[in-house]
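Note sheet for the following structure.
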Ligand SMILES: Nc1nc2c(c(=O)[nH]1)N[C@H]1C(S)=C(S)[C@@H](COP(=O)(O)OP(=O)(O)OC[C@H]3O[C@@H](n4cnc5c(=O)[nH]c(N)nc54)[C@H](O)[C@@H]3O)O[C@H]1N2
Ligand SMILES: Nc1nc2c(c(=O)[nH]1)N[C@H]1C(S)=C(S)[C@@H](COP(=O)(O)OP(=O)(O)OC[C@H]3O[C@@H](n4cnc5c(=O)[nH]c(N)nc54)[C@H](O)[C@@H]3O)O[C@H]1N2
Ligand SMILES: [Mo]
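In UniProt numbering, the protein residues as written are 1 to 791.
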């Protein structure tokens with residue numbers, strides 16, 4: 001026991017936070033963020049333009065907003081996203097005089113982005129180990145030369161992060177397909193891919209079915225594996241309104257997230273003045289990390305048991321048998337499987353008692369209109385796709401899809417990740433989309449499927465891919481297995497990033513390394529045809545315009561669309577597509593999006609002018625099932641996963657988490673206020689009983705070693721993360737939590753959900769050992785051997 005512990009003190013920076021989420025704490029945090037980015041006056045004006053009818057779409061999350069038609073909705077983390085982008089700090093060319101790449105590499109990720117906005121296109125000069133300004137045309141020529149020199153277009157990878165607008169994404173996919181590949185690794189592959197892959201098989205569409213209005217009509221909400229107080233803060237107004245209407249909100253989450261417990265609305269004068277808050281969750285179940293498949297199966301089992309009992313007693317049915325008969329396939333198999341599974345297995349895997357699952361089933365059965373909302377706690381598991389399909393099963397059993405107040409609500413990540421997919425960023429494009437693209441533009445797009453994120457990294461690792469272009473994002477930090485990723489990118493002929501800020505992916509210098517600085521959402525985008533708007537699609541399939549108004553961070557900046565056009569023109573020429581003509585006026589791009597996707601974007605430019613934009617059709621919302629059978633399909637989850645983590649008490653299941661003050665790999669600062677962690681991120685959250693069982697104490701410094709099938713890296717060394725401080729935390733036994741992206745070295749490229757290939761970032765088997773002892777235990781880990789690799 002450390003001295004600190006003997007004194008009964010918490011480790012440094014660990015202080016329980018007793019306030020509700022939101023409230024004065026949120027207002028204080030925004031004031032501090034504005035100050036840190038040195039933009040007090042302009043910043044305040046910028047915030048007032050967020051999500052306004054004539055303003056820009058918040059670059060934070062993808063939660064829809066009624067505010068696009070009306071008033072300003074306060075959001076702490078939206079404010080941070082905006083101020084981070086509109087910062088007064090700059091990374092100008094002279095910055096690099098003082099900072100060679102070798103030195104930049106030693107800086108942490110917070111520091112790198114905090115240097116400010118990139119101002120000039122940059123090219124890496126190996127002789128001086130520095131980035132130097134390069135003319136735009138020269139940058140485009142270098143990229144074109146390198147891409148054209150590849151023996152096969154499938155040797156280039158074109159990554160997209162979900163901030164790119166529909167217009168930029170559409171031009172990007174057009175260019176890449178003209179160049180000749182479908183290699184579109186996308187941040188979605190690490191995020192909601194289980195939704196995109198799992199839901200089409202179940203309900204015929206890979207998107208959510210609810211609208212914001214449905215939340216006004218639901219009478220039960222089940223919230224699984226998401227943390228809206230941090231990641232979708234504007235959702236808190238919706239949950240608060242539902243809670244105040246008396247709607248029971250059942251939360252299933254291993255961590256007690258403050259905002260899901262109680263929330264003080266910064267816009268509510270009474271709550272603010274009286275320091276009162278609204279209780280959000282009516283019931284909070286702390287599931288074991290990765291136990292969701294078992295919980296959902298348990299709830300389905302209990303629901304079917306209720307229905308069986310009703311039949312036996314001659315009472316009204318619990319299931320919507322008419323809906324099941326008219327609209328679905330596969331009910332019998334699902335019911336048989338649910339009846340057969342043993343409660344003991346479900347209890348063990350979920351960490352919840354049978355009574356908890358029965359409680360949820362009873363509440364669910366009473367609801368006339370139920371919404372299930374979910375996030376990364378569901379998708380980032382080896383059972384991710386199965387988890388999503390089990391939620392669809394549960395909803396279908398009582399006809400809770402395609403009626404008011406009911407449905408499935410995946411909370412998307414990046415503000416336009418859903419839109420990018422809609423307009424063609426897909427490594428597995430539907431044939432109909434390619435047919436239309438061919439017809440509208442008059443060329444033959446490639447048909448073979450391309451690479452997702454883990455496949456792209458494996459291809460770069462193995463030399464099967466030689467070039468990487470990233471439209472936003474920070475792939476090397478967002479992806480699993482940074483060591484492999486770093487080596488893979490360093491070995492390339494070309495590493496190009498289109499970005500607003502400095503990040504680690506850009507420091508992975510290849511034979512040619514270019515950084516192309518772009519406008520952000522908040523900035524005015526002036527083209528030959530005047531100031532331009534772009535469009536985005538939110539989590540509920542609403543498409544609307546976004547227009548920045550700030551003076552760009554530097555006169556050298558170009559829009560993402562213009563940069564893509566520049567690369568395209570230099571690489572594939574302008575004979576098929578007159579790139580400059582499209583860049584002059586983005587409404588021309590929208591006309592082509594409409595031509596390629598006429599069912600979705602009818603009258604695109606005209607409908608954009610209606611307040612709040614328009615909603616893309618979601619057939620399942622109308623009970624039209626675009627599955628091969630024309631019916632919704634139940635999917636049996638075959639069994640509780642074979643799970644080494646359940647059998648070996650020395651293995652814990654690590655979930656990698658976002659702190660309150662970060663946006664993915666962007667670290668605004670080192671606090672995680674609601675979880676009571678301040679000024680540091682090097683912590684491991686662990687159940688006090690597990691800490692004791694390990695013979696450790698809170699405050700001890702520990703190392704983590706990956707366990708199980710992927711414990712070893714390709715070179716036979718163990719995956720490990722050293723020097724975390726233990727924090728006793730209310731997390732179920734057998735689990736632990738650490739921050740993303742720091743915990744990335746523990747995640748194997750091969751540890752993925754099969755159907756979606758999404759990394760299991762939230763189910764990493766680990767062993768916790770006293771600090772400094774990782775190497776002693778290497779031998780033990782080595783015995784577990786190396787599993788198969790991603791090809
Ligand atoms: N401010 C801010 N906003 C963001 C982001 C950000 O980083 N910062 N990121 C954006 C992006 S790209 C995304 S995808 C979304 C992410 O938003 P979320 O989906 O909320 O993502 P996370 O914070 O990774 O984790 C969500 C929750 O899952 C819980 N959890 C962990 N493991 C499990 C499990 O096994 N089962 C269950 N049931 N729950 C589990 C965690 O306790 C946490 O509360 O937010 C978007 N919005
Ligand atoms: N262990 C673990 N890993 C994870 C996750 C996890 O929960 N755990 N979550 C996964 C998820 S859900 C996601 S979505 C991915 C995120 O992966 P990415 O989307 O690749 O990462 P971000 O951190 O969002 O990207 C940040 C960078 O985007 C650039 N940027 C910011 N704004 C703009 C802009 O307007 N235009 C352009 N061109 N660039 C811009 C900046 O240079 C910044 O450095 O990470 C995944 N990785
Ligand atoms: Mo995401």
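Ideal Cβ placement from N, Cα and C applies to all residues, glycine included.
When the five nearest sequence neighbours on each side are left out, the beta carbons in the same chain lying within less than 6 Å of the beta carbon of residue 514 are those of 123, 139 and 496, in order along the chain. By the Cβ rule, the segment 472-487 counts as touching the segment 496-512, because three or more pairs are nearer than 8 Å. By the C-beta density criterion, residue 312 is exposed, having fewer than 16 other C-beta atoms within 10 angstroms.
Under the three-pair Cβ rule at 8 Å, the segment 523-533 does not count as touching the segment 139-153. The DSSP-derived three-state label of residue 418 is helix.
Residue 594 and residue 168 do not touch by the CB rule: their CB atoms are close to 17 Å apart, not below 8 Å. Shortest Cα-Cα distance from residue 471 to any of 249, 23, 166 and 706 involves 166.
For residue 537, there is no enclosing alpha helix (DSSP H); the residue is found in the beta strand (DSSP E) stretching over 534-537. Excluding residues up to 5 positions away in sequence, 262, 263, 264 and 277 lie with their Cβ nearer than 6 Å to the Cβ of residue 20 in the same chain. In the pairwise beta carbon analysis, the segment 174-194 is classified as touching the segment 411-431: at least three pairs are separated by under 8 Å. In the structure shown, residue 428 falls within a coil segment according to DSSP collapsed to helix, strand and coil. DSSP, read as helix, strand or coil, puts residue 373 in strand.
Pairing residue 37 with residue 118, the inter-Cα distance amounts to about 15 Å. In the DSSP assignment, residue 737 falls within the beta strand (DSSP E) that extends over 735-739. Contact annotation: residue 370 and residue 203 have beta-carbon atoms that are not nearer than 9 Å. Look at the beta carbons and you see the segment 626-633 touching the segment 320-333: at least three pairs across the two are nearer than 8 Å.
The beta carbon of residue 585 lies closer than 6 Å to those of 529 in the same chain, with the five residues before and after it left out. Using a C-beta cut-off of 8 Å, the segment 761-772 makes contact with the segment 651-662, since at least three inter-stretch Cβ pairs fall below that distance. Distances from the alpha-carbon of residue 650 to those of 755, 636, 105 and 735 put 735 closest.
Annotation note: the segment 661-712 contains the following uninterrupted beta strand (DSSP E) runs of length 3 or greater, listed N- to C-terminal: 683-686 and 701-706. Of all residues, those with a beta-carbon under 5 Å from at least one heavy atom of ligand 3 are 191 and 413, reported in chain order. Counting C-beta pairs with one atom in each stretch, the segment 711-724 and the segment 339-352 have fewer than three that are closer than 8 Å, which means they do not touch. When only Cα atoms are considered, residue 705 and residue 310 end up about 50 Å apart. Between the segment 570-590 and the segment 76-94, the count of C-beta pairs closer than 8 Å stays below three; the two stretches do not touch. Rounded to whole angstroms, the gap between the alpha carbons of residue 22 and residue 769 is 37 Å. For residue 376, the shortest C-beta to heavy atom distance toward ligand 1 is below 8 Å. The beta carbon of residue 171 is closer than 6 Å to those of 561 and 564 in its chain, skipping five residues each way along the sequence.
Comparing alpha carbon positions, the residue from 258, 266, 268 and 417 closest to residue 280 is 258. Remark: the C-beta of residue 276 is outside contact range of ligand 2, defined as less than 8 Å to any heavy atom. Shortest gap from the CB of residue 230 to any heavy atom of ligand 1: under 8 Å.
For residue 391, the enclosing alpha helix (DSSP H) begins and ends at 384-397. In the structure shown, residue 576 falls within a coil segment according to DSSP collapsed to helix, strand and coil. Taking the CA atoms as reference points, residue 191 sits about 38 Å from residue 9.
Distance from the C-beta of residue 77 to the nearest heavy atom of ligand 1 is below 8 Å. Counted as a single uninterrupted DSSP element, the stretch harbouring residue 657 is not any alpha helix (DSSP H) but the beta strand (DSSP E) occupying residues 652-657. Linking residue 349 to residue 377 through their CA atoms gives a straight-line distance of about 15 Å.
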